[in-house]
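Just so you know, the sequences run in chain order A and B.
Position 71 of the first sequence, counted from 1, bears residue number 71 in the working numbering, the numbering being contiguous throughout.
Position 115 of the second sequence, counted from 1, bears residue number 115 in the working numbering, the numbering being contiguous throughout.
To keep things clear, I will list the structure first and then write my remarks on it.
Number of protein chains: 2
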Amino acid sequence: MTSKKQVPYAALKRIFHEPNRLAIMSALAGASKGCSFTDLRGACALTDGNLSRHLKVLEEEKAVHIEKAFVGVKPRTTATLTDDGRQRFMVYLQALEEVLQAATRAIQSEPPATA
Amino acid sequence: MTSKKQVPYAALKRIFHEPNRLAIMSALAGASKGCSFTDLRGACALTDGNLSRHLKVLEEEKAVHIEKAFVGVKPRTTATLTDDGRQRFMVYLQALEEVLQAATRAIQSEPPATA
DNA sequence: AGAATAGCTTTTTATTGCAAAGTACTTTTT
DNA sequence: AAAAAGTACTTTGCAATAAAAAGCTATTCT
């Protein structure tokens, strides 16, 4: 029976760890006023369907807040980070940094390979 | 049609980006002589089944080399990084670092939330 | 009017992380 | 000697989900 040991990698919550969501979160982290669907799609190089899906996941986790409005006749969806989402993202980033440093140390401690 | 733009997050290859495999790769990166199945299982806090599966994935991708031998009467599986695996892992780590720095910059440039 | 485009959402498909069960042994224990 | 309990893995099966495809709905172009 493998007891659940405390390994730092466990802190890499999937909700943020997925590359595309990491991109979305990063884009939103730098935009206090939020980002429109279209901007995010461009910034993260995502298809409409994927962006929609990822945003919904992030919204369900209450990491982002989605607002739908009309600008003139056109619909506009705007995503912003929630306070909680920002907080949790920072925790994730710290965990990521630790993991990255450990990995970097490990790989640098070894010679590039021999015989 | 969303053209495949060059976004750094694309470099976060899934093969390494999965938390448990990241743990495995990091452990192996620090062990030029390789790690036994049992050691890895302990170091990464994985169940037998999961470790087996992840190792197979890494082996299929030729990122690790698996050697099976008998020590006395007992079987022993030893995993080592391949040169190519090490190389690709370093590329992944560099991408991860860039992504992390971008995210950290973004989140620090914004106030902890208002209104 | 009909076709194309914009801005999304929903559904389908394919992958895969993970737990549980299985295999093939060896080493006790009774 | 037979049964029970380990050890060291592998295989199977399912539930979650990322990505692709298909669907809206409304507007603008021709």
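The beta carbon of each residue, even a glycine, is placed where N, CA and C say it ideally should be.
These numbers come from a predicted model, not from an experiment.
Exercise. Near Gly85 of chain A, what residues of its chain come up, given a Cβ to Cβ distance below 6 Å and the 5 sequence neighbours on each side ignored?
Worked result: Here residue 85 of chain A refers to the residue found at position 85 of the first sequence. For Gly85 of chain A, where only same-chain residues beyond five positions count, the Cβ hits under 6 Å are Ala63, Val64.
Exercise. Of all the CB atoms in chain A, is at least one closer than 9 Å to the CB of Leu96 of chain B?
Worked result: Along the second sequence, one-based indexing puts residue 96 of chain B at 96. Interface residue, yes.
For this session: Quick one: which unbroken beta strand (DSSP E) runs of 3-plus residues sit fully inside the region 65-108 of chain A? Chain order, please.
Result: 74-81
For this session: Using beta-carbon positions only, say whether Ile24 of chain B and Leu93 of chain A come within less than 9 Å of one another.
Result: Translated into the one-based positions of the second sequence, residue 24 of chain B becomes position 24. Translated into the one-based positions of the first sequence, residue 93 of chain A becomes position 93. For Ile24 of chain B and Leu93 of chain A, no; Cβs fall outside 9 Å.
Exercise. Short check: CB of Pro19 of chain A to CB of Val99 of chain A, under 9 Å?
Worked result: Reading the first sequence from its first residue, position 19 is the one you call residue 19 of chain A. Reading the first sequence from its first residue, position 99 is the one you call residue 99 of chain A. No, the Cβ-Cβ distance between Pro19 of chain A and Val99 of chain A is not below 9 Å.
For this session: Taking all protein chains shown into account, decide if Ser26 of chain B is buried (16 or more other Cβ within 10 angstroms of its Cβ) or exposed.
Result: Start at 1 with the first residue of the second sequence, and residue 26 of chain B comes out as number 26. Its Cβ being crowded by 16 or more others within 10 Å, Ser26 of chain B is buried.
Exercise. What does Glu17 of chain A touch in chain B if you count any residue whose Cβ is under 8 Å from its own?
Worked result: Counted from its first residue, the first sequence places residue 17 of chain A at position 17. A quick correction: the sequence has His, not Glu, at residue 17 of chain A. Ordered by position in chain B, the residues that pass the 8 Å Cβ test against His17 of chain A are His17, Pro19.
Exercise. Using 9 Å as the limit for Cβ to Cβ distance, is Ile107 of chain B near chain A?
Worked result: Stepping through the second sequence from its first residue, residue 107 of chain B is reached at position 107. Chain A contact via Cβ: present.
Exercise. Quick one: what does DSSP say Ser32 of chain A is sitting in, helix, strand or coil?
Worked result: Position 32 of the first sequence, counting from 1, holds the residue named residue 32 of chain A. The answer is coil: DSSP assigns Ser32 of chain A none of H, G, I, E or B.
For this session: Kindly indicate which three-state DSSP category Lys4 of chain B falls into: helix, strand or coil?
Result: As a working note, residue 4 of chain B is residue 4 in the second sequence. Here Lys4 of chain B scores only 37 on pLDDT, less than 50, and its place in the model is too uncertain to base an answer on.
Problem set entry | Below-9 Å beta-carbon distance, Arg86 of chain A vs any chain B residue | Position 86 of the first sequence holds residue 86 of chain A. Output row for Arg86 of chain A: interface = yes.
Exercise. According to DSSP, is Lys13 of chain B helix, strand or coil?
Worked result: Here the question's residue 13 of chain B lines up with position 13 in the second sequence. Lys13 of chain B falls in the coil class under three-state DSSP.
Exercise. Using the C-alpha atoms, what's the distance from Ser109 of chain A back to Pro75 of chain B?
Worked result: Position 75 of the second sequence, counted from the start, is the residue given in the question as residue 75 of chain B. Position 109 of the first sequence, counted from the start, is the residue given in the question as residue 109 of chain A. Near 29 Å, if we compare the C-alpha coordinates of Ser109 of chain A and Pro75 of chain B.
Exercise. Where Ala69 of chain B and Glu97 of chain B are concerned, what is the direct C-alpha to C-alpha distance, given to the nearest angstrom?
Worked result: Walking along the second sequence from the start, residue 69 of chain B turns up at place 69. Walking along the second sequence from the start, residue 97 of chain B turns up at place 97. Their backbone Cα atoms lie some 37 Å apart in a straight line.
Exercise. Is the shortest distance between the beta-carbon of Val99 of chain B and the beta-carbons of chain A less than 9 Å?
Worked result: Locating residue 99 of chain B in the second sequence gives position 99, where the first residue counts as 1. Interface residue, yes.
Problem set entry | DSSP three-state assignment for Leu46 of chain A, whether helix, strand or coil | Position 46 of the first sequence, counted from the first residue, corresponds to residue 46 of chain A. Leu46 of chain A falls in the coil class under three-state DSSP.
Exercise. Under a CB-based cut-off of 9 Å, is Ser3 of chain B close to chain A?
Worked result: Start at 1 with the first residue of the second sequence, and residue 3 of chain B comes out as number 3. Residue confidence is low: Ser3 of chain B scores 34 on pLDDT, short of 50, so the model does not pin down where it sits. Its coordinate-derived value is still stated next. It does: the Cβ of Ser3 of chain B has a partner Cβ on chain A nearer than 9 Å.
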